[in-house]
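Numbering (the working numbering), first residue to last: 1457 to 1705. Have a look at the structure below, then the notes.
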């Protein structure tokens, strides 16, 4: 998926326009993600993500066909807009990186209801016309890297549909509520984080036994538990902010 803050110049990958384009062999420069305070993730990643990031839900519009609201899970990287506490200079400092972000500078864009196209961020500094690994072979066919990225992005597209089904289930059961997190830094600065949704523990406890059994049977109750566990990482974000503020300039 295209993220406006990350993909500054997204274009569809084209064998003619990008026939000579190469990717330099260099360590990834993740300063491109320094202003991302969160990223949409997939349910299949919850076990890894919950160890480091708060996992919340955000409203992402309405379904074109049904008009029903849509939500998506988000891994939170910062406590304010434009803040990513997991980027230190050019380095990604967390042990895990969301899969969709890991695919950068590649992404997918929806063509129609059933088709999507592979895109690249043409503004990325790692592209070159003269050195590195070519995106296409001399015969115009996608190179190994493009094939690998296509396979990854196709898998993630499938996971997107499964994640949406999970979120639709939470909405159908009326389990999501607006959340707010307040904290005070050692210097007295107060932080308020809102605009997110979280599972309402009271509403979850009031669900009928049949609904709980169905959630458990479908593997969704475990995802809810991972989401609830992950919210403790909001305090860890405060600690990251404190360490960054106290680091020598």
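All C-beta atoms, glycine included, are put in the ideal place defined by N, C-alpha and C. In this text, all values refer to a predicted model and were calculated from it rather than measured experimentally.
Within 8 Å, strictly: CB atoms of residue i and residue j
i: residue 1582; j: residue 1479; result: yes
i: residue 1694; j: residue 1639; result: yes
i: residue 1696; j: residue 1541; result: yes
i: residue 1641; j: residue 1632; result: no
i: residue 1683; j: residue 1533; result: no
i: residue 1563; j: residue 1466; result: yes
i: residue 1567; j: residue 1489; result: no
i: residue 1673; j: residue 1579; result: no
First through last residue of the alpha helix (DSSP H) which encompasses residue i
i: residue 1694; result: 1689-1702
i: residue 1614; result: 1600-1628
i: residue 1661; result: 1657-1661
i: residue 1502; result: 1502-1505
i: residue 1491; result: Taken as a continuous stretch (DSSP letters only), residue 1491 belongs to no alpha helix (DSSP H), as it is neither H nor E.
i: residue 1667; result: 1665-1673
i: residue 1558; result: 1555-1558
Three-state secondary structure assigned by DSSP to residue i
i: residue 1483; result: coil
i: residue 1530; result: strand
i: residue 1574; result: strand
i: residue 1686; result: helix
i: residue 1496; result: strand
i: residue 1519; result: coil
i: residue 1535; result: coil
i: residue 1476; result: coil
i: residue 1678; result: helix
i: residue 1651; result: strand
i: residue 1542; result: coil
i: residue 1549; result: coil
i: residue 1592; result: strand
Same chain, Cβ closer than 7 Å to residue i, five either side skipped, listed in chain order
i: residue 1596; result: 1471, 1475
i: residue 1587; result: 1478, 1480
i: residue 1637; result: 1649, 1690
Expected contact under 8 Å - CB spacing of residue i and residue j to nearest Å
i: residue 1493; j: residue 1538; result: 7 Å
i: residue 1605; j: residue 1574; result: 7 Å
i: residue 1497; j: residue 1505; result: 6 Å
i: residue 1601; j: residue 1559; result: With 8 Å as the limit, residue 1601 and residue 1559 do not qualify as a contact, their Cβ atoms being about 11 Å apart.
i: residue 1663; j: residue 1687; result: That belief does not hold up - the Cβ atoms of residue 1663 and residue 1687 are roughly 19 Å apart, past 8 Å.
Residues of its chain near residue i, where Cβ-Cβ distance is below 6 Å and the 5 sequence neighbours each way are ignored
i: residue 1635; result: 1652, 1654
i: residue 1671; result: 1677
i: residue 1495; result: 1531, 1554, 1557
i: residue 1500; result: 1615
i: residue 1584; result: 1478, 1480
i: residue 1685; result: 1506
i: residue 1591; result: 1474, 1477, 1599, 1602
i: residue 1485; result: 1546
Neighbourhood of residue i by C-beta distance below 8 Å, restricted to the same chain and skipping five residues each side
i: residue 1593; result: 1599
i: residue 1660; result: 1631, 1680
i: residue 1668; result: 1677
i: residue 1612; result: 1498, 1555, 1556, 1559, 1564
i: residue 1482; result: 1582
i: residue 1491; result: 1461, 1538, 1539, 1540
Beta strand (DSSP E) segment containing residue i, residue limits
i: residue 1467; result: 1466-1468
i: residue 1638; result: 1632-1640
i: residue 1566; result: 1562-1566
Test: residue i CB closer than 8 Å to a CB of chain C
i: residue 1662; result: Protein chain content of the structure displayed is limited to a single chain, and chain C is not contained in it.
Closer than 7 Å: residue i CB and nearest the ligand GDP heavy atom
i: residue 1597; result: Judged by which ligands are present, the structure shown has none, so any question about the ligand GDP falls away.
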